[in-house]
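*Asks:*
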Amino acid sequence: MKDTPLSNCERQFLLKAVEEKKRVDGRQTYDYRNIKITFGTEYGCCIVDLGKTRILAQVSCELVPPKDSRPTEGILFFNLELSPMASPAFELGRQSELLVKLNRQLERCLRNSKCIDTESLCVISGEKVWQIRVDVHVLNHDGNLMDAASIAAIAALSHFRRPEVAIQGRDITVFTPEERDPIPLSIYHMPICVSFAFFQQGTYLLVDPCEREERVMDGLLVIAMNKHREICSIQSSGGIMLLKEQVLRCSKIASVKVSEITELINKALDNDKRARKEGGKFGFAESMPKERITALKKDEAPVEMTDVQDTANEIISRTEAQPDIVKVPSPVVPAPGTGQVGEGLLNTWGLEEEEDEEEEQHEKEEMSTGEVMVLSDSEEDDVVILNPDANKPKRLEGGSKKGVEAPKKQKTSH
Amino acid sequence: MAGVELLSDQGYRLDGRKASELRKVQARMGVFAQADGSAYIEQGNTKALAVVYGPHEVRGSRSRTMHDRAVINCQYSMATFSTAERKRRPHGDRKSSEMSLHLKQTFEAAVLTQLYPRSQIDIYVKILQSDGGNYSACVNAATLALVDAGIPMRDYVCACTAGFVEDTPLADLCHAEESGGGTTLALALLPRSRHIALVQMDARLHQDHLDMLMEAAAEACRGLSKVLDGVVRQHLQEVSVLTRD
Chain E
-13 MKDTPLSNCE RQFLLKAVEE KKRVDGRQTY DYRNIKITFG TEYGCCIVDL
37 GKTRILAQVS CELVPPKDSR PTEGILFFNL ELSPMASPAF ELGRQSELLV
87 KLNRQLERCL RNSKCIDTES LCVISGEKVW QIRVDVHVLN HDGNLMDAAS
137 IAAIAALSHF RRPEVAIQGR DITVFTPEER DPIPLSIYHM PICVSFAFFQ
187 QGTYLLVDPC EREERVMDGL LVIAMNKHRE ICSIQSSGGI MLLKEQVLRC
237 SKIASVKVSE ITELINKALD NDKRARKEGG KFGFAESMPK ERITALKKDE
287 APVEMTDVQD TANEIISRTE AQPDIVKVPS PVVPAPGTGQ VGEGLLNTWG
337 LEEEEDEEEE QHEKEEMSTG EVMVLSDSEE DDVVILNPDA NKPKRLEGGS
387 KKGVEAPKKQ KTSH
Chain X
419 MAGVELLSDQ GYRLDGRKAS ELRKVQARMG VFAQADGSAY IEQGNTKALA
469 VVYGPHEVRG SRSRTMHDRA VINCQYSMAT FSTAERKRRP HGDRKSSEMS
519 LHLKQTFEAA VLTQLYPRSQ IDIYVKILQS DGGNYSACVN AATLALVDAG
569 IPMRDYVCAC TAGFVEDTPL ADLCHAEESG GGTTLALALL PRSRHIALVQ
619 MDARLHQDHL DMLMEAAAEA CRGLSKVLDG VVRQHLQEVS VLTRD
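One line per chain: the protein sequences are E and X, in this order. Just so you know, this note's numbering puts 207 at position 221 of the first sequence, and the rest follows in order with no gaps. Throughout, this note's numbering is defined as the position within the second sequence, counted from one, plus 418.
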């Protein structure tokens, strides 16, 4: 199934919002959505929630013969899957462009940056090494899969413990967790991807784009960094033209974000460790029990409410300060009733006493703007009832309807 | 890192180049009669062949048609004999599909696709010998092929790699330098506007060095653009002499 296309209306709304430095979910330009990291009961299992995007990473290991070119190094294997469960646009068993891109980016971010000591995974040189396999599954797609996947993968790798082995001559003994404590992988640093979405040929940029924003963006720049401010990979995509300065600026933003996220991962790992040590409850079931009932609960949009009262007061005072604007014959209000609805003039809805006055004004306006009406195109004449004998309420109805339509027609007539 | 000294104390690299020196670039345009545009390029020992068909009607699934611009279709492949170890699959593996994708993105940014609505431009690139900088050789070859096909572009797209060894940026890496595991930055630049069509970097690099490295890569790209421009002009001269009556 193909994705439902985005309507032009929605597209324009999103782009307009980006231009005004606003985001649909109330975030600031450089804000991340809430990140939640939870670990499963088994080692090396991790779910990352980034807003509504949810990704599961599972690490497993097995003993395999090494590659001929690198006989003393363990093997890291990454596999990211987009299941149809995450989004109707994903199809099973098809190598889509997105899938290739995400897989390669994950590989380049985690393997090429040498964040894991692969030499420590060697058991017998040239014969047996550990292959660490990281399976990343997208459970829900709400944009920015790359960042969530990289967080999930590195968190799962840091959480993972491999069984201990003993070598006697050529024999390898693998100990179960009961016999000997499994040992963690040696991780040098934690590379984390930060995505930047570009709009209007790179004029505007957003961190952590959600699915809607990803659909209207021009291009994406993914920078993977670790907390030591080392860049592990950069990848631009989607036919945008960037300038060097933009890339440098993004790398600065990324370094701040990465240090925050690394902190979060470490905290989550510590919490899990403590819970395990104390024999407390841990695992997915423990960390998300409430969601079963409240799965359909709508989150409140985090809209900034601090200065709402002030803004409202300001608007009120401004409208009160200039009530005579209605009397000014403006080019936008030749049709009857246009001054009433949604034209940024004095709002008289619900103001009973003033209504009569207003209507009188309308009558005047009608009279004065009668000629203008004739000048405009014939279509309009059909719609507008300029009969002065008609009942007042009736005309008001016609007028207010007109008010909605009039500006559009005015434009087309010119 | 791998036991090889990539930069000697005198400032020379493995193959005797200076840090900012490019490898020898040789190129020819119009190597095939059948295709709308074709080019062959050698950057040191890296050899690439590019062929362009189109713009033509969209083939295959109609659903790919774009009503406001042309679709660019890229296929990257490596000859089985291009590397030291014989390759089993010339194309279709993850790395090749990624490369095809990157080429597509690069040229979507550079070609004036909106001039050809509802059509398709095919770019096929083949690496005949791989000695580092495959992506950049492909981009440069494809640029020449597009010029040969007469497809309007914003500017030449010039790509080059750059590495970073001992606080010195190295331009145009060869295979030995690339496989050492050091930083590699691939940059596709539109030299006149200094816009970056694609940037890709691997392995660790401290943030403070990024500016220097990108500047080195951009400088190398500008150098390449002069070479490519020379090739195009020479080709035009040759062709105009042949077709004059």
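Just so you know, even glycine gets a beta-carbon here, dropped at the ideal spot from N, CA and C.
(1) Give the secondary structure of residue 610 (chain X) by DSSP, where H, G and I count as helix, E and B as strand, and everything else as coil.
(2) With DSSP as the reference, label residue 549 (chain X) as helix, strand or coil.
(3) For residue 157 (chain E), write down the residues that DSSP places opposite it in a beta bridge.
(4) Taking the alpha-carbon positions, what's the residue 255 (chain E) to residue 193 (chain E) distance?
(5) Using the Cβ count rule (16 or more neighbours within 10 Å means buried), how would you classify residue 5 (chain E)?
(6) In whole angstroms, what separates the C-alpha of residue 509 (chain X) from that of residue 190 (chain E)?
(7) Answer with buried or exposed for residue 128 (chain E), where buried requires no fewer than 16 other C-beta atoms within 10 angstroms of its C-beta.
(8) Can you look up residue 641 (chain X) in the DSSP assignment and give me helix, strand or coil?
(9) Candidates X:514, X:568, X:627, X:460: which alpha carbon is nearest residue 588 (chain X)'s?
(10) Which residues mark the beginning and the end of the alpha helix (DSSP H) in which residue 509 (chain X) is found?
(11) List, in chain order, every chain X residue whose beta-carbon is nearer than 9 Å to that of residue 88 (chain E).
(12) Could you tell me which chain X residues have their CB closer than 7 Å to the CB of residue 8 (chain E), listed as they occur along the chain?
(13) Are residue 602 (chain X) and residue 620 (chain X) close, meaning C-beta to C-beta below 8 Å?
(14) How about residue 515 (chain X): is its C-beta nearer than 8 Å to some C-beta of chain E?
(15) Taking C-beta to C-beta, are residue 138 (chain E) and residue 42 (chain E) nearer than 8 Å?
(16) By the 7 Å beta-carbon criterion, what residues does the stretch 216 to 231 of chain E contribute toward chain X?
(17) Can you name the residues that DSSP bridges to residue 26 (chain E)?
(18) Rank X:583, X:597, X:477, X:579 by C-alpha distance to the C-alpha of residue 55 (chain E) and give the top, closest one.
(19) As a quick exercise: from E:102, E:30, E:23, pick the residue whose alpha carbon is nearest that of residue 174 (chain E).
(20) Secondary structure at residue 620 (chain X), three-state DSSP: helix, strand or coil?
(21) Pull up the CB-CB distance for residue 459 (chain X) and residue 527 (chain X), whole angstroms please, since I reckon it's below 8 Å.
(22) Any beta carbon from chain E within less than 8 Å of residue 563 (chain X)'s own beta carbon?
(23) Out of E:197, E:140, E:240, point me to the one whose CA is closest to residue 33 (chain E)'s CA.
(24) Quick check on residue 491 (chain X): does DSSP put it in helix, strand or coil?
(25) Which class does residue 193 (chain E) belong to by DSSP, given the choice of helix, strand or coil?
(26) For the stretch 232 to 248 of chain E, list every residue whose C-beta sits within 7 Å of some C-beta in chain X, in sequence order.
(27) Does the beta carbon of residue 130 (chain E) sit closer than 8 Å to a beta carbon anywhere in chain X?
(28) Within 10 Å of its beta-carbon, does residue 298 (chain E) have 16 or more other beta-carbons around it, so buried, or fewer, so exposed?
(29) For the stretch 591 to 618 of chain X, enumerate the residues whose C-beta is nearer than 8 Å to any C-beta of chain E, in chain order.
(30) Using a Cβ distance threshold of 8 Å, determine whether the stretch 199 to 213 of chain E contacts the stretch 76 to 85 of chain E, with at least three qualifying pairs required.
(31) Where do the ends of the beta strand (DSSP E) carrying residue -6 (chain E) lie?
(32) Residue 551 (chain X) to residue 578 (chain X), Cα distance in whole Å?
(33) How would you list, in chain order, the residues of chain X whose beta-carbon sits under 8 Å from the beta-carbon of residue 94 (chain E)?
(34) For a minimum of 4 consecutive residues, which ranges assigned as the alpha helix (DSSP H) are wholly contained in the stretch 9 to 64 of chain E?
(35) Under the rule that 16 or more other beta-carbon atoms within 10 Å means buried, what is residue -5 (chain E), buried or exposed?
(36) Could you check the C-alpha separation between residue 524 (chain X) and residue 615 (chain X) for me, to the nearest Å?
*Replies:* This is what the structure gives:
(1) coil
(2) coil
(3) E:154
(4) 25 Å
(5) exposed
(6) 37 Å
(7) buried
(8) helix
(9) X:627
(10) Here residue 509 (chain X) belongs to no alpha helix (DSSP H), and DSSP marks it neither H nor E.
(11) Simply none; closest approach about 11 Å.
(12) What residue 8 (chain E) touches in chain X: nothing, since even the nearest Cβ is about 28 Å away.
(13) yes
(14) yes
(15) yes
(16) 216, 217, 218, 219, 220, 221, 222, 223, 224, 225, 226, 227, 228, 229, 230
(17) According to DSSP, residue 26 (chain E) bridges with nothing at all.
(18) X:597
(19) E:102
(20) strand
(21) The Cβ separation is near 20 Å, so there is no contact.
(22) no
(23) E:140
(24) strand
(25) strand
(26) 233, 234, 237, 241
(27) no
(28) exposed
(29) 599, 603, 608, 611, 612, 613, 614, 615, 616, 617, 618
(30) no
(31) Not the beta strand (DSSP E): residue -6 (chain E) falls in the alpha helix (DSSP H), residues -6 to 5.
(32) 7 Å
(33) 620
(34) none
(35) exposed
(36) 5 Å
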